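Here is the structure we will look at, set down as structure tokens.
Protein chains in written order, with the working numbering: chain A, 133 to 243; chain B, 18 to 132.
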């Protein structure tokens, strides 16, 4: 059974700092990995999707990497801003359309 | 923009009531999903559907059923609501591919409280 772990569960950084969020998964047989953002009381917004054949994806200040063999992904946020404060979730897609989510990292960027 | 809407943002029901949660997407997506989200447990898949009238059980289907009569609409049904079904319910949709899956698009969620 796939298990997805995100560490740390919470992170607080000063504005302007670069930061890395971590995601690890136990079964490397995945189709893709996706990073989401969730604001309090809201649904999820997709940030980046990495196919299993890719190593990384970039969107603006965000860069996500994938190392399938080691079962790890990182989300790098450059020059963090208070508006980046949210919970970040990673999700892996395995066989039979099965998506497994991590429990998230709650990020607070302090002005 | 893809839009996934859910019928209610907040819902309060009593134990034993039959509860319907509705989800509609406007992008002609084949796949639709129902999750529940609980603190410390993350998102857990209840049911998903990859076509009209098709459904597959997720990780926690007990106490729930689903209906997909039209491609754009996926309903979650709590036959007899219980207090342990108090949760945030999230609906999502995506295009279908045999080798991978496109981005999942989520609705805003329904916070259900069962008293």
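No residue lacks a Cβ here, since even glycine has one placed at the ideal position from N, Cα and C. Everything numeric in this text was worked out from a predicted model, so none of it was measured.
- Between the region 164-183 of chain A and the region 220-227 of chain A, the count of Cβ pairs shorter than 8 Å is three or higher; the stretches touch.
- If you check each beta-carbon in the region 174-188 of chain A against every beta-carbon of chain B, the ones closer than 7 Å belong to 174, 175, 176, 178, 181, 183.
- Between residue 77 of chain B and residue 63 of chain B, the gap from beta carbon to beta carbon is short of 9 Å.
- By the neighbour-count definition (other C-beta atoms within 10 Å, threshold 16), residue 21 of chain B is a buried residue.
- With respect to residue 214 of chain A, residue 147 of chain A sits close: the two C-beta atoms are nearer than 9 Å.
- Distance from the CA of residue 203 of chain A to the CA of residue 45 of chain B, rounded to the nearest whole angstrom, comes to 33 Å.
- Within the same chain, and ignoring the five residues on either side of residue 140 of chain A in sequence, the residues whose Cβ sits closer than 7 Å to its Cβ are 237.
- Chain B has a Cβ within less than 9 Å of the Cβ of residue 231 of chain A.
- Using a Cβ distance threshold of 9 Å, residue 152 of chain A and residue 208 of chain A count as a contacting pair.
- Nearest neighbour of residue 101 of chain B by Cα position, chosen from B:119, B:30, B:108, B:69, turns out to be B:30.
- CA-CA distance, residue 32 of chain B to residue 155 of chain A, rounds to 38 Å.
- Residue-level contact check: residue 168 of chain A touches chain B, since one or more beta carbons of chain B fall below 9 Å from its beta carbon.
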